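Under the UniProt record's numbering, read the sequence shown as residues 1 to 68, first letter to last. Structure first, commentary second.
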Amino acid sequence: MWKRRHNLLAALLRAERRGGRRGETAVASASRPGQSLVEFALVLGVLLLIILGGIDAVQILMTQYTVN
1 MWKRRHNLLA
11 ALLRAERRGG
21 RRGETAVASA
31 SRPGQSLVEF
41 ALVLGVLLLI
51 ILGGIDAVQI
61 LMTQYTVN
């Protein structure tokens with residue numbers, strides 16, 4: 001834990017010395033292996049929920065239209 005915090009602070013200082021935005025390099029070095037895969041899975045889940053929910057809503061509306 002201490003080593004990771006130390007690496008994060010060192011990356012932050014390097015980014016500031018180079019004139020970059022604050023925390024730009026530090027954020028990139030703080031990501032763990034597999035983090036992007038987890039983020040992709042979360043975004044994909046939300047997108048599928050919206051798309052499939054919309055399809056389901058259209059099916060319900062069409063069923064009600066057909067019955068009436």
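Cβ atoms here follow ideal geometry from the backbone N, Cα and C, with glycine treated the same way. Small disclaimer: the values here were computed from a predicted structure and weren't measured.
Here DSSP, grouped into helix, strand and coil, assigns R32 to coil. Looking at the backbone, the Cα of L48 and that of E39 are separated by about 14 Å. The three-state reading of DSSP puts G19 in coil, since its state is none of H, G, I, E or B. L44 is not a Cβ neighbour of A30, given a cutoff of 9 Å.
In this structure L42 is exposed. Its beta-carbon is surrounded by fewer than 16 other beta-carbon atoms within 10 angstroms.
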